[in-house]
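Asker: This is the structure I want to talk about, given as structure tokens.
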Amino acid sequence: MVVNVESVNDRPGDAGYEEHLAAFEDRVLRGDKVEPGDWMPREYREQLIRLIHVHANSEICGALPEGGWIPHAPTLKRKLALCAKVQDEVGHAQLLYRAAETLGKPREEMLTELIQGKAKYSNVFHYHAKTWADVATIAWLIDAAAIVNQTMMAEGSYGPYARALKRICYEEAFHLTHGYDMCITLARGTKMQRDMLQDAINRWWGPIMMFHGPSDKESKHTEQLMRWRVKLKTNDEQRQQFLKQYVPKMLELELTTPDPNLKYDETAKEWRYTEPDWKEFLNVVRGNGPASALRLRTRRMAHEEGAWVRAALGEKGETAKGERRNGEMGD
């Protein structure tokens, strides 16, 4: 359900825009939450729709590489945990589509844009999960990168998005623990298991380093998003936080990265690394990744096969509305 009524005078040049903008920015700087019925600049609304739509798409597409491994999980315990994780990710997508709806974009429109290849989702889910160790790497390191981003965004200025992220982060913390346990098991297992994990990390390291988005000097949106406190840290700051938290944990497990330049600079108190290939990043998020076609084909099939459920729920909703109207009329 789309609930937002668009603000009036919300574009530069509109009568009263500057006064509205000044009051809006004062609220945001104080740490107040912006709610759906509040006045907001058109650009703020559009940036949030773009951001939340991509995030929702990433949750629903992110369930696919792991979901494909459910039948092949090595134990019942792992299978049950993976089933629960995949269900959580799809649920997160629904929370986020709902948050985007409060800004005026219908869920059906967002899903249609996704299956038509017109909407983006996170770069990491455009790659294949080739082995069980890939599933472990996704559940640990990619979810770790996501938590760095989402815990920060949960303190952002738009109320519905921030509240959705609070719940999502709570569940993602369980996913992270699940992934870390999987990686510990493989790292301390047989030589074949350990080699499989190291190979997975080697293949995923490049996409993981791109996860938080283009470097600050390349990012088109960061400055505006931070001005309005949608984001509280830049892409590079998030990347540094991820490296500081998780590279030491990798080293504890005697795991390495394929980046020969990755090292901690004691003077600057930050990690140095090889700059990611941003041309590859842009090409991948535009739908040209190794698994991009498969992801869209799978989502399209699921959307088409679920049409009868949406139709049935729609009919049920209309029936309930009619019954309420009849009750109000005294029939």
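In this text, residue positions in the sequence shown follow the working numbering: the first is 174, and each later residue adds one.
For each residue, glycine too, the CB sits at the ideal point set by N, CA and C.
Whose CA, out of 474, 244, 482, 310, lies closest to the CA of residue 287?
Answerer: Locating residue 287 in the sequence shown gives position 114, where the first residue counts as 1. Taking only the C-alpha atoms, the option nearest residue 287 is 474.
Asker: Under 8 angstroms by Cβ, that's how I've got residue 327 and residue 352 pegged, so tell me the actual separation to the nearest angstrom.
Answerer: What you label residue 327 is simply residue 154 of the sequence shown in a count that begins at 1. What you label residue 352 is simply residue 179 of the sequence shown in a count that begins at 1. Not a contact, Cβ separation roughly 20 angstroms.
Asker: Specify the secondary structure class of residue 391 as computed by DSSP and reduced to three states.
Answerer: Position 218 of the sequence shown, counting from 1, holds the residue named residue 391. Residue state, collapsed to three classes: coil.
Asker: Let me know the alpha helix (DSSP H) ranges lying completely inside the stretch 299–375, each 4 residues or longer, listed in chain order.
Answerer: Listed in chain order, the complete alpha helix (DSSP H) runs (minimum 4 residues) inside the stretch 299–375 are 305–310, 316–326, 332–360.
Asker: Counting C-beta neighbours from all protein chains within 10 Å, is the total for residue 343 16 or more, i.e. buried, or is it exposed?
Answerer: Taking the sequence shown and counting its residues from 1, the one referred to as residue 343 is at position 170. Per the 10 Å Cβ criterion, exposed.
Asker: Is it true that the stretch 352–364 meets the stretch 410–418, where meeting means three or more beta-carbon pairs spaced less than 8 angstroms apart?
Answerer: Taking 8 angstroms as the limit for Cβ pairs, the verdict is that the stretch 410–418 does not touch the stretch 352–364.
Asker: Considering only residues of the same chain and omitting the five flanking positions on each side of residue 199, which have a CB-CB separation below 6 angstroms?
Answerer: Residue mapping note: residue 199 aligns to position 26 of the sequence shown, counting from 1. Correct list: empty, nothing qualifies.
Asker: I'd like to know if the stretch 302–311 and the stretch 187–198 are in contact, where contact means that at least 3 CB-CB pairs between them fall below 8 angstroms.
Answerer: Short answer: they don't touch.
Asker: On the DSSP bridge list, what partners appear for residue 481?
Answerer: Indexing the sequence shown from 1 puts residue 481 at position 308. Paired residues: none, contrary to the question.
Asker: Any idea if residue 238 is buried or exposed, counting beta-carbon neighbours within 10 angstroms, 16 or more meaning buried?
Answerer: Mapped onto the sequence shown, residue 238 falls at position 65. By the 10 Å Cβ count, residue 238 comes out buried.
Asker: At the level of alpha carbons, what is the spacing between residue 427 and residue 370?
Answerer: Along the sequence shown, one-based indexing puts residue 427 at 254. Along the sequence shown, one-based indexing puts residue 370 at 197. Cα to Cα, the separation comes out at about 11 angstroms.
Asker: Using DSSP bridges, identify the partner residues of residue 436.
Answerer: In the sequence shown, the residue the question calls residue 436 occupies position 263. According to DSSP, which records beta bridges pairwise, residue 436 is partnered with 445.
Asker: Rank 429, 364, 396, 458 by C-alpha distance to the C-alpha of residue 384 and give the top, closest one.
Answerer: Taking the first residue of the sequence shown as 1, we reach residue 384 at position 211. Per the Cα distances, 458.
Asker: Go through its chain and collect everything with a Cβ distance to residue 321's Cβ below 7 angstroms, but skip five positions before and after it.
Answerer: For the purposes of this step, residue 321 is identified with residue 148 of the sequence shown, where counting begins at 1. Taken in chain order, the residues that qualify are 411, 414, 415.
Asker: Give me the Cβ distance between residue 325 and residue 224, rounded to the nearest whole Å; I'm assuming they're in contact under 8 angstroms.
Answerer: In the sequence shown, counting from the first residue as 1, residue 325 sits at position 152. In the sequence shown, counting from the first residue as 1, residue 224 sits at position 51. Residue 325 to residue 224, Cβ: 13 angstroms. No contact.
Asker: Return the chain-ordered list of same chain residues with a C-beta closer than 8 angstroms to the C-beta of residue 247, the five sequence neighbours on each side being excluded.
Answerer: Counting from 1 along the sequence shown, the entry for residue 247 is found at position 74. Taken in chain order, the residues that qualify are 305.
Asker: Grab me the residues of residue 387's own chain with a C-beta within less than 6 angstroms of its C-beta, minus the 5 sequence neighbours each way, in chain order.
Answerer: Position 214 of the sequence shown, counted from the first residue, corresponds to residue 387. Answer for residue 387: 451, listed in chain order.
Asker: Going by other Cβ atoms of all chains shown within 10 Å of its Cβ, with 16 needed for buried, is residue 235 buried or exposed?
Answerer: Within the sequence shown, residue 235 is the residue found at index 62, counting from 1. That one is buried.
Asker: Report all residues from its chain with a CB closer than 7 angstroms to the CB of residue 391; omit the five preceding and five following residues, and keep chain order.
Answerer: For the purposes of this step, residue 391 is taken as residue 218 along the sequence shown, with counting starting at 1. Correct list, in chain order: 451.
Asker: How long is the line joining the alpha carbons of residue 182 and residue 282, rounded to whole angstroms?
Answerer: For the purposes of this step, residue 182 is taken as residue 9 along the sequence shown, with counting starting at 1. For the purposes of this step, residue 282 is taken as residue 109 along the sequence shown, with counting starting at 1. One C-alpha to the other measures close to 25 angstroms.
Asker: Rank 258, 217, 191 by C-alpha distance to the C-alpha of residue 399 and give the top, closest one.
Answerer: Residue 399 sits at position 226 when you count from the first residue of the sequence shown. The shortest C-alpha separation from residue 399 is found at 217.
Asker: Whole alpha helix (DSSP H) runs in the stretch 226–307 with 4 or more residues, listed along the chain?
Answerer: List check, alpha helix (DSSP H) in window: 249–274, 280–288.
Asker: Is residue 420 helix, strand or coil when you go by DSSP?
Answerer: If you number the sequence shown from 1, residue 420 lands on position 247. Note: residue 420 maps to helix in three-state DSSP.
Asker: Count the other CB atoms within 10 Å of the CB of residue 202; is the residue buried (16 or more) or exposed (fewer)?
Answerer: On the sequence shown, position 29 is the one that residue 202 refers to. Counting Cβ neighbours within 10 Å, residue 202 comes out exposed, since fewer than 16 surround it.
Asker: Relative to the C-alpha of residue 349, which residue among 314, 373, 233, 471 is closest?
Answerer: For the purposes of this step, residue 349 is taken as residue 176 along the sequence shown, with counting starting at 1. Residue 349 has its Cα closest to that of 314, out of 314, 373, 233, 471.
Asker: Quick one: what's got a C-beta closer than 6 angstroms to residue 377's C-beta in the same chain, skipping five residues either side?
Answerer: Within the sequence shown, residue 377 is the residue found at index 204, counting from 1. For residue 377, where only same-chain residues beyond five positions count, the Cβ hits under 6 angstroms are 310.
Asker: For residue 445, I'd like the list of residues in its chain whose CB is within less than 8 angstroms of its CB, leaving aside the five on either flank, ordered along the chain.
Answerer: Stepping through the sequence shown from its first residue, residue 445 is reached at position 272. If we look at residue 445 and ignore the five residues flanking it on each side, its Cβ neighbours are 434, 435, 436, 437, 438.
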